[in-house]
Each structure stands twice: as C-alpha cells, then as structure tokens.
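Some notes on the structure that comes next.
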Amino acid sequence: MDLAEKIAQAETRIFKAVFPNTTNHYDTLFGGATLHMMDEVAFICATRFSRLKMVTVSSDKVDFTHPIPGGTLVELIGNIEHVGNTSLKVRVDLFVEQMYSDERTKAVSGLFTFVAIDADKRPVRILPA
Ligand SMILES: CC(=O)SCCNC(=O)CCNC(=O)[C@H](O)C(C)(C)COP(=O)(O)OP(=O)(O)OC[C@H]1O[C@@H](n2cnc3c(N)ncnc32)[C@H](O)[C@@H]1OP(=O)(O)O
60 MDLAEKIAQA ETRIFKAVFP NTTNHYDTLF GGATLHMMDE VAFICATRFS RLKMVTVSSD
120 KVDFTHPIPG GTLVELIGNI EHVGNTSLKV RVDLFVEQMY SDERTKAVSG LFTFVAIDAD
180 KRPVRILPA
C-alpha cells in the first residue's frame with residue numbers, strides 16, 4: 060500500500076447525538092466536550108494510520124464557526140494531513156446535522172499533532188527510514 064492509500068484508509072468518522080449531558084446553559088454543545096470528541100477521533104485516526112502508540116503533543120488553532128444545538132447530530136472526520144519523522148498531524152472537521160432534515164453545516168475545524176512513542180515513552184519513527 061502506498062502512502063496516499065494508507066492516508067485514505069486511515070480516514071476516521073464518528074457520529075454522535077448531541078444529548079443534554081454534553082450541552083451547556085445555552086443548550087449548545089459545550090466547547091470542552093467538542094474538544095474531547097475531536098481529540099478522540101484524531102487519536103483513532105493517528106493510531107489507525109501508524110498502528111503505533113500515539114500521544115497528543117499539540118492542538119493547533121481550533122475554529123468554532125457555528126453553534127451546535129442540543130438535539131442535533133454531529134459527524135467528526137479525521138484525516139492525516141502531514142506525516143513527519145516521529146510526529147503526524149490530523150485535521151478534524153466537525154459537521155452538525157439536523158435530525159429531521161438533510162441540513163448539514165461544518166461547525167468546527169482543528170489540527171492535532173501526535174507523536175509515536177516506544178515502551179519507554181520516547182519518540183519513534185512512524186514510517187521506515
Ligand atoms: C492519547 C492521549 O490521551 S495522550 C495524553 C496527552 N499527551 C501526553 O501526555 C504527551 C506528553 N508529552 C510527551 O510525553 C513528550 O512531549 C513527547 C513524547 C510527546 C515528545 O517528546 P519530545 O522529547 O518533546 O520529542 P521531540 O522534541 O523529539 O519531538 C518529537 C516530534 O514531535 C514534534 N513536536 C514536539 N513538540 C511539539 C509541539 N508542541 N507541537 C508540534 N510538534 C511537536 C517534533 O517536531 C518532532 O516531530 P518529528 O519527529 O516528526 O520531526
């Protein structure tokens with residue numbers, strides 16, 4: 060499998076329902092809950108790509124461009140954007156969908172960096188040299 064195929068195969072999608080346990084006092088998805096979901100899908104994408112132990116080392120600018128009301132559905136999509144030596148970057152886009160119509164909007168986007176580590180928690184190469 061070449062790199063482009065490996066990247067395509069690592070694309071990771073998760074759907075969630077926005078239930079009251081994740082909303083705030085505005086009845087929209089709490090920002091911290093959003094970041095939790097984004098880091099999780101990014102972690103799964105990074106792990107599926109590398110099949111190595113991965114840790115989050117950084118999250119770049121995360122843009123919240125639309126509120127996510129309670130009672131909607133969200134889809135999180137993680138894609139490998141860059142592969143370094145021991146680190147890689149995952150782009151996460153979050154789409155909000157209405158439950159009872161086809162309306163769908165991109166609401167949040169961010170970039171997460173992961174490092175592959177060995178049993179001693181030291182960085183290791185992701186791809187063979
Ligand atoms: C899935 C989870 O829940 S993980 C839990 C949360 N995360 C953690 O606990 C991780 C804690 N951090 C660590 O253990 C360490 O910082 C490590 C192992 C990630 C990195 O160790 P370092 O000694 O800093 O690594 P080092 O300086 O060699 O850099 C390793 C790679 O990470 C990249 N990197 C390091 N810090 C950053 C950063 N802040 N932002 C982006 N990339 C970074 C480097 O550019 C390098 O990339 P490359 O090899 O592709 O060129």
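Counting from 60, one number per residue, gives the positions in the sequence shown under the numbering used here.
The beta-carbon is built from N, C-alpha and C at its ideal position, and this holds for glycine as well.
None of the values given here were measured: they were computed from a predicted structure.
Are the CB atoms of Thr115 and Phe123 nearer to each other than 9 angstroms? no
Nearer than 8 angstroms: is that true of the beta carbon of Gly137 relative to any heavy atom of ligand 1? no
What residue from Ser109, Arg181, Ser168, Leu135 has the CA that sits closest to Pro187's CA? Ser109
Helix, strand or coil: which one does DSSP assign to Pro128? strand
Closer than 6 angstroms by C-beta to Lys75: which residues in its own chain qualify, once you throw out the five before and the five after it? Chain order, please. Val133
Distance, Glu99 Cα to Ser146 Cα: 17 angstroms
Go ahead and pull the three-state DSSP assignment for Ile185. coil
Relative to the C-alpha of Val151, which candidate in Asp86, His84, Asp119 has its C-alpha closest? Asp119
Keeping to the same chain, check which residues put their C-beta closer than 8 angstroms to that of Val183; ignore five residues upstream and five downstream. Leu111, Thr145, Ala175, Ile176, Asp177
Could you give the distance in angstroms between the alpha-carbon of Asn80 and the alpha-carbon of Asp86? 10 angstroms
Report the three-state DSSP secondary structure of Asn83 (helix, strand or coil). coil
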